[in-house]
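All remarks here apply to the structure that follows.
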Amino acid sequence: MRTVVVGAGAAGLWCALHAAERGPVTILAPGAATLSATAWAQGGVAAATAPGDSPEAHAEDTLAAGAGLCDERAVAVLTREAPGEVRRLAELGMPFDPAPTLEAGHRARRVLHAGGDASGRVLHRFLADLVEREGRIRRLDGLATAVEVEGGRAVGVRTADGRRLVADRVVLATGGACGIYGHRTGPDTSIGDGIAMAWDAGAALADLEFVQFHPTALDVPGHPSRLLTEALRGEGAILADARGERFMPRFHERAELAPRDVVARAVLRVREETGGPVYLDARGVPDVLTRFPVAAAQCHEVGLDLSLDLIPVAPAAHYFMGGVLTDTWGRTTVRGLLAAGEVACTGVHGANRLASNSLAETLVFGRRAALAEDAPAELPPLPISEPIGPAPTLGLLLPAVRELADRHLGPRRRGPELEAAAERLAAGGVAAGSRSATLVAWLVALTALRREESRGGHFREDLPEPNPAWRLRQVVTPRGWSALPIPATMGR
Ligand SMILES: Cc1cc2nc3c(=O)[nH]c(=O)nc-3n(C[C@H](O)[C@H](O)[C@H](O)COP(=O)(O)OP(=O)(O)OC[C@H]3O[C@@H](n4cnc5c(N)ncnc54)[C@H](O)[C@@H]3O)c2cc1C
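With positions in the sequence shown counted from 1, the corresponding number in this note's numbering is that position plus 13.
Below, the structure is given as structure tokens:
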């Protein structure tokens, strides 16, 4: 079985390593590690490995974060299999730090780090070295532009430089799409190519209205919005307004450790109220420079000292809960096309991702995609209930998409603005525009407009409450809309 894996983050690399047992594997991705969100991760991998913890407890925390929209089967797979993936990695020599840590939303110490807050970089380098040593995996430097489909089956990939890679199966592992936003914590190039390729191949997409915004990204004009990990707040850092006063206790009983969407909206509100910046104050965190070397270096780059200065922060797009709809083996609705990692949507995150579940997801579902049988996806029938208007064929220029996304598709949304944004995105662009980013932004705007409620990462100022009638997952293909109801026994 010839496998082409598109993308070389944790999902692509781990998938390729296991797929190599079944035949030749090609990984197609740009060479630079910095283009993969995996290398940027600062928290760690969530897995119930500590005494007293259990996959069931991890599942309950994941379901609580997911605000009623998780697929309970996918959650069970993730939480049961994550400890095994961590064990496998440790046996192969992955240098995890000795003790798991606690993060917001987890009831137990279950987040495994490596190199303190450099977990992603350490994991990414470790997996890339394993792939290099494997010998049976070919790495090609380049970008995929399309999945080739013949007779309803994925048969290969086309590349930006005009090559055709023939395959018995194609695994999309292209990461998320936060690069459609100007304010983002991840790589510039995460602009949703995988989602766009899946759409063009006719595959179903799901949950695209759910984007997670991280509340504390560095906010210094002229510099990228680098993430300042939640663990800083876990260790005592507070949020302060322009006068230096703490404000989170008035928004939520858990103050700085409230869910990310609550903190993000509070930060925006306080910035509006005071007309000034909001600061992260980590001066009281013991040994902050040595315990958080990545965060410290990011502040240093902009002339700030994490141990002495107040650090200006603002929310930034961080994680796409939605993506290419798959079953728990990574199979999409197009035979021979699989997806794993952030590009995929197994339903494991529901409407909101629990911190550190995504690296676990890349490992569990990356490996499962490699082991999947060549069979149709185990998904319920998805009848189309309504057609969808014509999708953008050309893209707007990337800065224009990002401006629109920041302004209208952010942590606080409003119906009329979503509608205007969708129209502008559909109206067409230019040959030099970014079609992937435009298409994904258009789909985010439409799904967010249709969801007439607030839930998880999706907040509508004009409809601020959850509505039980919306306890379903929106699915969309080029043929139109359909929905996945959540069985009454599942989620909460
Ligand atoms: C700053 C930051 C901190 C984070 N911290 C954590 C954390 O502590 N714990 C946690 O669980 N999660 C964390 N996350 C989320 C997590 O890092 C990602 O969800 C996860 O790494 C995604 O892995 P992936 O393999 O799916 O995608 P990525 O690691 O993003 O890899 C995608 C790959 O696809 C390639 N690619 C993209 N488009 C194309 C194309 N057209 N053709 C070919 N290749 C392409 C990219 O170059 C890259 O190689 C964090 C994210 C960010 C941005």
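Here a beta-carbon is modelled for each residue, glycine too, at the ideal position from N, C-alpha and C.
- Message: Quick check: GLU399 and TRP494, are their CB atoms within less than 8 angstroms of each other?
- Response: For GLU399 and TRP494, yes; Cβs fall inside 8 angstroms.
- Quick check: the segment 401-418 against the segment 441-455, are there 3 or more CB pairs under 8 angstroms? Yes: the two stretches touch, three or more of their Cβ pairs being nearer than 8 angstroms.
- Message: Less than 6 angstroms between C-beta atoms, sequence neighbours within five positions excluded: which residues of the same chain meet that for VAL301?
- Response: ALA295, LEU319 and SER320, listed in sequence order.
- Hey, is PRO328 close to ligand 1, as in C-beta under 7 angstroms from one of its heavy atoms? Every heavy atom of ligand 1 is 7 angstroms or more from the Cβ of PRO328, so no.
- With 16 as the cutoff for other CB atoms within 10 Å, does ILE397 come out buried or exposed? With fewer than 16 Cβ atoms within 10 Å of its Cβ, ILE397 is classed as exposed.
- Helix, strand or coil: how does DSSP classify PRO328 here? Residue state, collapsed to three classes: strand.
- Return the chain-ordered list of same chain residues with a C-beta closer than 6 angstroms to the C-beta of GLU248, the five sequence neighbours on each side being excluded. Excluding residues within five positions, the ones whose Cβ falls inside 6 angstroms are VAL298.
- Message: Determine whether the beta carbon atoms of MET210 and VAL160 lie at a separation below 8 angstroms.
- Response: Taking 8 angstroms as the Cβ cut-off, MET210 and VAL160 qualify as a contacting pair.
- Query: DSSP state of ASP154, grouped into three classes?
  - Reply: Secondary structure at ASP154: strand, using DSSP grouped into helix, strand and coil.
- Assign ASP130 to one of two classes, buried (16 or more other C-beta atoms within 10 Å of its C-beta) or exposed (fewer than that). Burial is judged here by how many other beta carbons sit within 10 angstroms of a residue's own beta carbon; ASP130 has at least 16 and is buried.
- Message: What I want to know is whether the C-beta of VAL135 ends up closer than 7 angstroms to one or more non-hydrogen atoms of ligand 1.
- Response: Every heavy atom of ligand 1 is 7 angstroms or more from the Cβ of VAL135, so no.
- Where does GLU206 fall in DSSP's three states? The sequence as given places Asp at residue 206; Glu does not occur at that position. Under the three-state reduction of DSSP, ASP206 is assigned to helix.
- Task: Output the boundary residues of the alpha helix (DSSP H) element that contains GLY402.
- Result: In this chain, GLY402 is not harboured by any alpha helix (DSSP H), its DSSP state being neither H nor E.
- Task: Determine, using beta carbons only, whether ALA219 and CYS358 come nearer to each other than 8 angstroms.
- Result: Going by C-beta atoms, ALA219 is nearer than 8 angstroms to CYS358.
- Task: Mind reading off the beta-carbon distance from ALA20 to GLY199? Whole number of angstroms is fine, and I expect it under 8 angstroms.
- Result: Reading the sequence as shown, one finds Gly at residue 20 and not Ala. Taking 8 angstroms as the upper bound for CB-CB distance, GLY20 and GLY199 are not in contact here, some 13 angstroms apart.
- Query: Excluding the five sequence neighbours on either side, which residues of its own chain have a C-beta within less than 7 angstroms of the C-beta of ALA390, listed in chain order?
  - Reply: Excluding residues within five positions, the ones whose Cβ falls inside 7 angstroms are THR339, ASP340, ARG344, THR345 and THR346.
- Buried or exposed by the 16-neighbour rule on C-beta atoms within 10 Å, applied to GLY133: Flag for GLY133 reads buried.
- Query: Quick one: any contact between the segment 322-342 and the segment 225-243, if contact means 3 or more CB pairs under 8 angstroms?
  - Reply: Three or more pairs of CB atoms, one per stretch, sit closer than 8 angstroms, so the segment 322-342 contacts the segment 225-243.
- For PHE226, the residue or residues it bridges with in DSSP: Partner(s): ALA330.
- Query: For ASP274, which three-state DSSP category applies?
  - Reply: Residue state, collapsed to three classes: helix.
- Item | Cutoff 7 angstroms; reference HIS236; Cβ partners in own chain excluding five residues on either side | Answer for HIS236: VAL315, listed in chain order.
- Task: In the DSSP assignment, find the beta strand (DSSP E) that holds SER495 and state where it starts and stops.
- Result: 493-498 is the extent of the beta strand (DSSP E) around SER495.
- Report yes if the C-beta distance between THR287 and ALA308 is below 8 angstroms; otherwise report no. For THR287 and ALA308, no; Cβs fall outside 8 angstroms.
- Query: If we call anything under 8 angstroms between Cβ atoms a contact, is CYS28 one with VAL179?
  - Reply: Not in contact: CYS28 and VAL179 (Cβ atoms no closer than 8 angstroms).
- Task: Tell me, please, whether the segment 97-115 touches the segment 273-287 by the rule of three or more beta-carbon pairs shorter than 8 angstroms.
- Result: With a cut-off of 8 angstroms, the segment 273-287 and the segment 97-115 do not count as touching, because too few Cβ pairs lie within range.
- Taking the alpha carbon of GLY363 as the point to measure from, which residue in GLU222, ALA217 and ALA388 has its own alpha carbon closest? With distances taken between Cα atoms, GLY363 lies closest to GLU222.
- Message: Please identify the residue among ARG464, PRO43 and HIS227 whose C-alpha is closest to the C-alpha of ARG197.
- Response: Among ARG464, PRO43 and HIS227, the Cα nearest to that of ARG197 is on HIS227.
- Query: Are THR51 and HIS137 close, meaning C-beta to C-beta below 8 angstroms?
  - Reply: With respect to the 8 angstroms criterion, THR51 and HIS137 are classified as neighbours on the basis of their beta carbons.
- Message: Cutting at 6 angstroms between CB atoms, please list the residues of its own chain near ARG492, excluding the five before and the five after it.
- Response: The residues are ILE397.
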